[in-house]
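Taking it in order: structure first as C-alpha coordinates, then the write-up.
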Amino acid sequence: MRRSLEAIFDIGRHVIAKSAGKPVVEYKEIASLPGKRGIITMEHAERLRLMAGYRNRLVH
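Numbering (the numbering used here), first residue to last: 11 to 70.
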(Lines of atoms letter the chains of each structure in order from A and count residues from 1; the text may use other names and numbers.)
(Lines give C-alpha, C1' and ligand atoms only; values in the text may rest on other atoms or scores of the structure.)
Protein backbone atom coordinates (compact mmCIF):
# COMPACT_ATOMS: atom_id res chain seq x y z
CA MET A 1 0.00 0.00 0.00
CA ARG A 2 2.74 2.43 0.98
CA ARG A 3 4.70 1.78 -2.20
CA SER A 4 1.60 2.29 -4.33
CA LEU A 5 0.91 5.63 -2.68
CA GLU A 6 4.51 6.71 -3.11
CA ALA A 7 4.35 5.78 -6.81
CA ILE A 8 1.23 7.93 -7.23
CA PHE A 9 2.96 10.88 -5.57
CA ASP A 10 6.15 10.36 -7.58
CA ILE A 11 4.09 10.64 -10.76
CA GLY A 12 2.42 13.76 -9.39
CA ARG A 13 5.81 15.24 -8.52
CA HIS A 14 6.96 14.60 -12.09
CA VAL A 15 3.86 16.22 -13.62
CA ILE A 16 4.23 19.28 -11.39
CA ALA A 17 7.94 19.63 -12.16
CA LYS A 18 7.24 19.52 -15.91
CA SER A 19 4.22 21.83 -15.89
CA ALA A 20 5.12 24.28 -13.12
CA GLY A 21 8.89 24.10 -13.35
CA LYS A 22 9.32 23.98 -9.60
CA PRO A 23 10.21 21.13 -7.27
CA VAL A 24 7.64 20.06 -4.70
CA VAL A 25 8.61 18.06 -1.64
CA GLU A 26 5.53 17.83 0.59
CA TYR A 27 3.12 15.03 -0.26
CA LYS A 28 0.06 17.13 0.59
CA GLU A 29 1.30 19.86 -1.76
CA ILE A 30 1.85 17.28 -4.50
CA ALA A 31 -1.78 16.25 -3.97
CA SER A 32 -3.31 19.73 -4.02
CA LEU A 33 -1.39 21.53 -6.79
CA PRO A 34 -2.81 19.49 -9.72
CA GLY A 35 -6.31 20.36 -8.50
CA LYS A 36 -5.49 24.06 -8.25
CA ARG A 37 -4.02 24.00 -11.77
CA GLY A 38 -7.00 22.14 -13.25
CA ILE A 39 -5.01 19.01 -14.09
CA ILE A 40 -7.38 16.94 -11.94
CA THR A 41 -10.68 17.82 -10.30
CA MET A 42 -10.65 19.36 -6.84
CA GLU A 43 -12.53 16.28 -5.61
CA HIS A 44 -9.68 14.03 -6.74
CA ALA A 45 -7.13 16.45 -5.30
CA GLU A 46 -8.86 16.28 -1.92
CA ARG A 47 -8.83 12.47 -2.03
CA LEU A 48 -5.12 12.54 -2.88
CA ARG A 49 -4.51 14.93 0.00
CA LEU A 50 -6.20 12.48 2.37
CA MET A 51 -4.10 9.66 0.92
CA ALA A 52 -0.98 11.75 1.52
CA GLY A 53 -1.90 11.94 5.19
CA TYR A 54 -2.52 8.19 5.25
CA ARG A 55 0.86 7.57 3.59
CA ASN A 56 2.56 9.69 6.24
CA ARG A 57 0.87 7.70 9.02
CA LEU A 58 1.97 4.43 7.40
CA VAL A 59 5.59 5.55 7.26
CA HIS A 60 5.82 7.22 10.66
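Every residue gets a Cβ at the ideal spot worked out from N, C-alpha and C, and that includes glycine. If you're wondering where the values come from, they're calculated on a predicted model, not measured in any experiment.
Measuring C-alpha to C-alpha distances from Pro44 to each of Gly63, Ser14 and Phe19 identifies Phe19 as the nearest. Rounded to whole angstroms, the separation of the alpha carbons of Tyr64 and Leu58 is 10 Å.
CA-to-CA, the gap between Lys38 and Leu60 works out to about 8 Å. Shown here, Ile50 sits in coil according to DSSP, grouped into three states, outside any helix or strand.
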